[in-house]
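In UniProt numbering, the protein residues as written are 1 to 191.
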């Protein structure tokens, strides 16, 4: 099931229930940027945690605030960048890999969908250099996850590769420490 939210619209966004999100916004427009009482997540953050592109697009079209932060000082962009494959995704990829490379296609499709979500958030004006309570920006997380595509998207959006987190590390320091040479090359080209 995952996370349980105190706000019904947050739960609906997390569970990818667009019909319920629409209904709850029609009933009360203040639900658009409401913060869950537990972690402070907004409906947009909830959708981005799970990579729900349709819900995120709908909420942005309704003028959801893309720069609102939860109790960990994270924005929707932090969660979109940190989005990983679920256990079920990995299981499908492994099972279907030998069958005409369907597993590989699933993996590529899900990765591109996440990249599309990140581009949508950036176009909507999210702060590409917003830092969370650890001082990490989206670029720090993308480097830690060795995600070349997202690192390139963030650099294209003018993410600052020289910002240090609270441990004193820049995204380049993270890539160097983890020996991610391709990510390191992307970062060096940007500076």
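Backbone N, C-alpha and C fix where the C-beta goes; we use that ideal spot for every residue, glycine too.
- Residue 57 carries a helical assignment under DSSP once its states are collapsed to helix, strand and coil.
- Following the DSSP letters along the chain, one finds residue 182 inside the alpha helix (DSSP H) bounded by residues 181–190.
- In the three-state DSSP reduction, residue 116 falls in the helix class (H, G or I).
- In this structure, the CA atom of residue 25 is about 16 Å from the CA atom of residue 41.
- A direct Cα-to-Cα measurement between residue 15 and residue 80 gives close to 15 Å.
- Unbroken alpha helix (DSSP H) runs of no fewer than 4 residues, entirely contained in the region 3–42, are found at 8–14 and 18–27, following chain order.
- The three-state reading of DSSP puts residue 175 in helix, counting H, G and I together.
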